[in-house]
Amino acid sequence: MKISSFSTDQPLFAKIRSFLSNPYVSLVVWFLPLLLAAGESSLMAHDEGLYARRARQMFETGNWLTPDGSAHHKTPGIYWLIAASYKVFGVSAASARFPSLIAGMLSVLLLYNIADRLIGRRLAWLAAAILSVSFLWLQYSRLGTPDVTTICLVLVGIWSLLKAEQQPKWRPLLGFVAGFSFAVGFLIRSFMVVLPAIALLPYLITQHKHHRHLTNPMLYLGGLVGSLPSLIWFWLSWQQYGSDGAARPLQFVWRLAADEREGNGLLFYLGDIAMKSFPWGILAILGGWLAWRWNDRRDRWLLVGAPASMLLILTLFPTRLSHYSLGIYPFLALLAAIALDWLGQAWLQPANPALKWARRSVWLLGAIALLLLIAGIVGRFALPALYVSWSTVAIVLGLGWLILPGFLLWKQRQARLPVMQKNWLAGWLMPLWVALFVAGLSGLLGDYNPEVRQFLQQPAVATILKQYPINFVDVGGKTGVLLNFYTPQRGAELDDDEPLPVGYAWIRENAAKKLTQPHRVVGSMKGWQLIEVTVTQ
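In the working numbering, the protein residues as written are 34 to 570.
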């Protein structure tokens, strides 16, 4: 019997190829493994643990306004989303991170749509792929914090505004969606959503004659409807706690505006973005120059004006933290795509003046790759075990980026220039993808407190936590936040000078040393002890 040869031209494989060639499907296939690649998992203290714990309080108490009985300084949207995730999937770190995972994926797909309108379909996929392999973006897409969810809503608003320009008959509805999404962003991230709204003003004002968004009444109606949950929350807080309930969010912003955090000066974001988006932040500078010169005058106020405005506002704001800049990253991806394509096109045209810049970028990348490779190899032998996984990532990335200059040099000698554009793009993107995938599998993008996780997984400790309520003796600080979340049955909250009831308790080591009541130490970790009090005073 004759057996037909294996061929990708068969109908089944043709359908699979057609399915995977869909840009949305291919982006999901590209980004989803990076989101789901996970080794061991533990929450990041301080912020992620606080969001996860407060959402758990809402879920367990049924009080979705102020579960701890006091006025709060942040709007509750992200707590509600995480608590809803607990209701569906149960209380866990993975459930706390689920809303961000979904928002991260949606943001990549939304950026593709936005880029399709601004820089064309061919570069749109590249921009979305670049955002997916931006380190800080991927990290926060896997954290249970409000940042990526807020940016997703901002991208919905931008997409709606651009779509309204293309389809005037849908202008009222799309204006409503834009206003609604920004207002819901306030529910999720409080006053931080004001930053991207202000950054859009250059586009909204300078191009008003073209799009007339600012005179669309549905934009404001959408904002009003989207603000209702926040307004109701403010009103209920005021009813319960008086002026303090409504003033806390404003007081929080005022505190942030009063002091510089951790010595992060005016140049903080330039270095931080360049490092945590590498190499895209550097390429985006070239892309911004190209976009300002060549793109449609209407579009450049959005492509360049919005991220430049955000960077300026963030720089002038005294509290400067890495995740505050996440709203710039989708724009960095757009601009980096323009630059990477411009340099890549030069390989197809030997007389192109840009070719010398393309070659220089390759050799610079090769030099950085060599440094990464050497640092990774040295790190595997010289660094503590805690950092060995980072050495592995450095080796993977260094090897990957070393391939690009060698491969392109070989291609040039073979005079096979027509295929070099795809080789060029893959040489930049794939090593980063593989390195970030390895980082995910190693736990570097999910296991932020392995010492706490390993202690809580010890059989003796895990059994006690599962079977008994645990009292908390003056528990605070970053580790205390994690203990609050990971302790299934909470007992009483006590000061360290109070007599302890019989049972189990979390207590600081220095406080336990002063304890006069008979007790035994179950285990110690990061300055904390789990003790069993055997006799009460």
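Cβ atoms here follow ideal geometry from the backbone N, Cα and C, with glycine treated the same way.
Contact set for residue i: own chain, Cβ-Cβ below 8 Å, skip 5 residues either direction
i    : result
E484 : M558, K559
A85  : L76, I115, A126, A129, G177, F518
K98  : The residue asked about is misnamed: residue 98 is Leu in this sequence, not Lys. Excluding positions up to five away in sequence, the list reads P109, W266, L269, S270, Q273.
W203 : K196, A197
G556 : F488, Q491, A493, V494, Q562, L563
L527 : N504, F505, V506, D507, L533, A538
Boundaries (first-last residue) of the beta strand (DSSP E) holding residue i
i    : result
Y537 : 536-541
R87  : No beta strand (DSSP E) contains R87, which is instead part of the alpha helix (DSSP H) from 80-94.
V554 : 552-558
R523 : 523-527
E565 : 561-566
Residue i Cβ short of 7 Å to the ligand ZN heavy atom set
i    : result
L478 : Absence of the ligand ZN is noted for the structure shown, with no ligands found whatsoever.
Bridge-paired residues (DSSP) for residue i
i    : result
N504 : A538
S75  : D480
C-beta atoms of residue i and residue j nearer than 8 Å
i    : j    : result
L571 : L465 : A query on residue 571 cannot be resolved here, the shown segment of the chain reaching from 34 to 570 and no further.
T108 : F219 : yes
V508 : P534 : no
L437 : G409 : no
F64  : V58  : no
V217 : L469 : no
L186 : F168 : no
L144 : L164 : yes
S355 : D292 : no
K499 : P521 : yes
L388 : W380 : yes
I191 : S140 : no
A317 : L261 : no
H79  : V514 : yes
I361 : L156 : no
L359 : V181 : yes
L188 : L60  : no
A70  : L419 : no
G412 : W423 : yes
F224 : A290 : no
A232 : S133 : no
P340 : L398 : no
7 Å CB neighbourhood of residue i in its chain, flanking five on each side removed
i    : result
L367 : A148, L151, I152, A160, L336
V467 : V429, G433
W271 : G278, A279
R331 : Q240, H243
L27  : Because the chain here runs from 34 to 570, residue 27 falls outside it and cannot be looked at.
A104 : S270, Y274, D277, G278, R281
L458 : L159, L373, G377
L299 : T348
S394 : L376
Close-in-space but distant-in-sequence residues of the same chain around residue i (CB under 6 Å, 5 per side omitted)
i    : result
P205 : M251
R87  : Y112
V554 : Q562, I564
H106 : R281, P282, F285
A472 : V426, L478
L325 : Correcting the residue identity first, residue 325 is Trp in this sequence and not Leu. Correct list, in chain order: R333, V337.
S74  : A126, G479, D480
G255 : F209, G212, F213
P551 : T567, V568
A47  : none
G82  : L76, V514, L515, F518
A525 : N504
Y357 : L347
Endpoints, alpha helix (DSSP H) assigned at residue i
i    : result
P351 : Element bounds for P351: n/a, residue is neither H nor E.
S140 : 126-151
W97  : Careful: W97 lies outside any alpha helix (DSSP H) and carries neither H nor E.
N517 : 510-519
S167 : No alpha helix (DSSP H) holds S167; DSSP gives it neither H nor E.
Y112 : 110-122
R392 : 388-415
Q491 : Careful: Q491 lies outside any alpha helix (DSSP H) and carries neither H nor E.
L381 : Looking at the DSSP string, L381 is not in any alpha helix (DSSP H), and its letter there is neither H nor E.
S310 : No alpha helix (DSSP H) holds S310; DSSP gives it neither H nor E.
V58  : 56-69
D277 : 276-291
CB contact check: residue i to chain C, cutoff 8 Å
i    : result
W561 : You won't find chain C in this structure, because it holds only one protein chain.
Secondary structure, alpha helix (DSSP H): runs of 4+ residues fully inside the stretch 196-251
For the stretch 196-251, the full-length alpha helix (DSSP H) segments reaching 4 residues or more read 204-222, 227-232, 234-239, 241-244 along the chain.
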